[in-house]
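Residue numbers (this note's numbering): 9 to 518.
Just so you know, even glycine gets a beta-carbon here, dropped at the ideal spot from N, CA and C.
From a predicted model like this one, the values you see are computed outputs, not experimental measurements.
Have a look at the structure below before the remarks.
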Amino acid sequence: MTAEIKSYWQNHIAGEWVDAEGGRRITTENPATGETIAEVACASAGDVDKAVAAARAVVASRALVGMRPMERGRMVIEIGRKLRERKQEIARLVTLDCGKRISEAMSEVEGAARYFEFYGGMAEKIEGRYIPLGDGYVDYVVPYPYGVTAHIIPWNFPNQMIARSLAPALTAGNAAVIKSPELDPLPAFVYAELAEEVGFPAGTVNILCGIGSEAGAALAAHADVDQIVFTGSVPTGQSIMRAAAGNVVPCVMELGGKSPGIVFPDADMDIVIENAEAGIFMNSGQVCDAMSRLVVHADVYDEVVERFVERTRKLKIGPGIDDCEITPLISAAQLDRVENYALSGVQDGATAVHGGRRVEGAAGHFMQPTALAGVTPEMRVNREEIFGPVLSILKFETTEQAIEIANGTDYGLAAVLFTNDLDRVIWCTERLEAGQVHVNEWGVGGIETPFGGFKKSGYGREKGVEALSSYYQSKNVGFRMVRRALGKPPLRGASGLCPLPSRERDTKTR
Ligand code: NAD
């Protein structure tokens with residue numbers, strides 16, 4: 009085990025650090041070395057029951073919804089400040105448990121801190137409204153938190169993905185049960201400490217590590233959960249949606265992607281190549297909106313392939329802790345999966361112009377940075393999410409063809425255009441089926457900009473002002489005045505009750 013990391017981590021329920029029922033544990037490993045880092049309590053359905061009950065008790069106490077929103081916001085912002093204070097320590101944990109390069113882990117934690125600042129500042133700006141109904145009636149709409157929110161988290165951003173949903177959930181006045189990813193659960197636990205340090209009541213933030221098909225499934229199907237945020241793969245999302253349907257619970261679904269970068273002949277090629285590298289090799293391609301397909305105009309196709317390969321050759325493969333550019337995949341299973349995809353591309357007729365196989369003899373789960381040229385739309389490597397450092401490069405002749413290729417998958421997360429032709433940008437953005445379209449830079453935007461998918465990439469939005477509305481519902485309060493302040497005498501003696509004549513009920517709007 010890695011010496012400086014605690015060797016056993018418990019779950020956090022109702023303010024206590026606890027073993028899993030029956031003492032079950034799982035191990036987590038360093039993907040760069042394959043060595044065990046630590047053991048973690050492995051929650052089962054019984055532990056999920058306890059965590060949901062703890063969150064429910066906080067909701068029932070009205071401690072969160074009853075406090076002044078400004079105070080809640082201050083606590084949320086304070087979590088961000090404390091995260092930033094501990095950035096180095098948490099980033100190191102992210103790198104050792106998840107494998108990504110340390111510079112990316114630092115920006116992951118920085119981004120997490122920003123989520124708490126961004127949403128915390130909005131706590132007292134979640135306003136209701138007054139709806140005029142005429143004399144004698146008062147009607148207003150109250151934003152009301154859902155109550156117990158469930159957060160099921162993937163392994164590719166094990167710290168920041170929690171911040172992305174926890175910050176708005178707390179801001180809006182909810183309690184949370186977090187199911188951390190079993191492959192890299194360690195960077196999640198800090199949120200239990202921080203939430204209580206800043207003053208949230210015990211039970212507001214509960215964190216469980218457990219196997220997805222057990223603890224995750226139990227949480228998704230729990231009858232006392234009021235809202236679910238899931239980030240992960242499409243099949244898991246579908247099973248969670250089915251479970252949520254059983255309890256009529258709303259979900260936010262952030263699923264996979266197969267995002268294209270379309271390169272037109274007038275594009276600045278330095279920008280294209282720089283973004284192609286970042287777009288597919290950040291976190292070794294284990295990024296939901298990775299620019300995993302480059303759709304290149306025939307006039308510049310050879311140049312793009314050649315320059316991309318030249319740049320890829322220079323990338324250093326190695327552990328994230330040494331800030332190498334190509335870091336390991338999360339697990340041996342993921343490495344098998346990614347390598348099989350690369351091999352299938354070649355079998356289907358593509359050419360591996362760089363890489364195409366795992367790094368032989370490495371202790372960790374390293375895949376060579378891979379570029380497949382000559383990919384055509386019907387190939388699996390064009391249509392299916394690989395979630396590894398494998399770029400598919402396709403050729404197009406006309407702009408219509410580029411859009412058809414770009415839209416030709418089940419996914420619709422992001423799309424990138426590389427061109428300086430404004431008319432073409434507008435024409436393409438109108439037609440691209442993607443939750444976010446970027447021009448001349450992969451991933452333009454940030455915490456402030458709404459993020460989510462079209463098609464099988466999911467529904468609902470995270471980030472930005474839009475996301476906050478996923479964490480509260482509207483309660484409309486309408487009442488009729490029964491005592492007139494002025495004018496007619498009371499009808500019912502001393503009580504002074506003087507009902508206004510009832511209006512005809514508007515049955516049509518029921
Ligand atoms: P996954 O679906 O296997 O697991 C995600 C989480 O769900 C894990 O915590 C897992 O334990 C849990 N889980 C697994 N089976 C479950 C079940 N039956 N019921 C409830 N929970 C269950 O996904 P992954 O492999 O961890 O992550 C990779 C996927 O996530 C990719 O498809 C990627 O595109 C997607 N992703 C999307 C976004 C986004 O914002 N759209 C961000 C990151 C990752």
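Reduced DSSP secondary structure (H/G/I, E/B, other) of residue i
| i | result |
| --- | --- |
| CYS217 | strand |
| ARG301 | strand |
| GLY501 | Because the pLDDT at GLY501 is just 49, under 50, the model does not fix this residue reliably, and the value given afterwards should be weighed accordingly. Here GLY501 sits in helix by DSSP. |
| GLN18 | coil |
| ARG321 | helix |
| LYS95 | helix |
| THR41 | coil |
| TYR154 | coil |
| ALA381 | strand |
| ALA113 | helix |
| ILE139 | coil |
| ALA340 | helix |
| PRO77 | helix |
| ALA49 | strand |
| CYS296 | coil |
| GLN444 | strand |
| THR457 | coil |
| GLN235 | strand |
| GLN481 | strand |
| VAL308 | helix |
| VAL367 | coil |
| SER160 | As written in the sequence, residue 160 is Ile, which differs from the Ser given in the question. Residue state, collapsed to three classes: strand. |
| LYS522 | The structure shown does not extend to residue 522, since the chain is modelled only from 9 through 518, so no value can be given for it. |
| VAL257 | coil |
| LYS403 | strand |
| PRO268 | strand |
Other residues of its chain near residue i: CB distance less than 7 angstroms, five sequence neighbours each side excluded
| i | result |
| --- | --- |
| ASP143 | none |
| PHE165 | GLU116 |
| TRP25 | GLN18 |
| GLY466 | GLY245, MET261, GLU262, LEU263 and GLY460 |
| ALA65 | GLY211 |
| MET67 | One detail in the question is off: residue 67 reads as Val in this sequence, not Met. Counting only Cβ-Cβ distances below 7 angstroms, and skipping sequence neighbours, we find GLY155, VAL156 and ALA183. |
| VAL383 | GLY353, ALA358, VAL389, ASN390, SER400, ILE401 and LEU402 |
Cut-off 8 angstroms between Cβ atoms - residues of its own chain near residue i, not counting five sequence neighbours on either side
| i | result |
| --- | --- |
| GLY501 | Bear in mind that a pLDDT of 49 at GLY501, under 50, signals an unreliable position, so the model cannot answer this. |
| ILE134 | PRO77, PRO151, THR179, ALA180, LEU476 and TYR480 |
| VAL213 | HIS20, LEU174, LEU178, ALA183, ALA184, ILE186, TYR199, ALA200, ALA203 and GLU204 |
| ILE13 | ILE45, ALA46, LEU101, LEU104 and LEU194 |
6 angstroms Cβ shell around residue i - same chain, five flanking residues per side excluded
| i | result |
| --- | --- |
| ALA158 | VAL185, LEU227, VAL233 and ILE236 |
| LEU202 | ILE87 and LYS90 |
| VAL149 | GLY136, ARG137, SER482 and ASN484 |
| PRO385 | ILE413 and GLY416 |
| ALA40 | GLY107, PRO327, PRO336 and GLY372 |
| PHE487 | VAL146 |
| ASN38 | ILE45 and LEU104 |
Reference residue i, options the options, closest by Cα
| i | options | result |
| --- | --- | --- |
| ALA475 | ASN167, THR179, LYS14 and VAL26 | THR179 |
| ALA59 | GLU29, PRO39, VAL48 and ASN38 | GLU29 |
| LYS187 | VAL146, ASP147, PRO176 and HIS230 | HIS230 |
| HIS362 | ALA379, ALA371 and PHE374 | ALA379 |
| GLU282 | VAL312, VAL257 and PRO258 | VAL312 |
| HIS446 | GLU456, PRO458 and ALA423 | ALA423 |
| PHE124 | VAL67, PRO176, VAL146 and GLU449 | PRO176 |
| ILE455 | VAL66, ARG172 and VAL56 | ARG172 |
| ASN167 | ILE98, LYS324, ALA62 and GLY353 | ILE98 |
| LEU430 | GLN444, ASN448 and TYR419 | ASN448 |
| GLU132 | GLY81, GLY468 and ASP27 | GLY81 |
| TYR419 | ARG391, GLU405, VAL433 and LEU402 | ARG391 |
| PRO162 | GLU318, PHE238 and ARG109 | PHE238 |
| SER292 | ARG469, PHE374, LYS463 and ILE279 | PHE374 |
| ASP331 | ALA113, ARG319, VAL295 and GLY42 | ALA113 |
Any chain C beta carbon closer than 9 angstroms to residue i
| i | result |
| --- | --- |
| GLY363 | Judged by its chain identifiers, the structure shown contains no chain C, having just a single protein chain. |
Any non-hydrogen atom of ligand 2 closer than 8 angstroms to residue i Cβ
| i | result |
| --- | --- |
| VAL295 | Among the ligands in the structure shown, ligand 2 does not appear; only ligand 1 can be found there. |
Is the segment 336-352 close to the segment 46-59, with three or more CB pairs under 8 angstroms? no
How about the segment 266-274 and the segment 295-308: do they share at least three Cβ pairs that are nearer than 8 angstroms? yes
Check whether the segment 71-87 and the segment 205-213 are in contact - that is, three or more C-beta pairs closer than 8 angstroms. yes
Do the segment 351-361 and the segment 121-129 meet, that is, are 3 or more Cβ pairs less than 8 angstroms apart? no
Okay, do the segment 94-109 and the segment 192-202 touch, 3+ Cβ pairs below 8 angstroms being the bar? yes
The segment 343-351 in contact with the segment 384-400 per 3-pair CB rule at 8 angstroms: yes
Sufficient close CB pairs (3 or more, under 8 angstroms) joining the segment 250-258 to the segment 397-412: no
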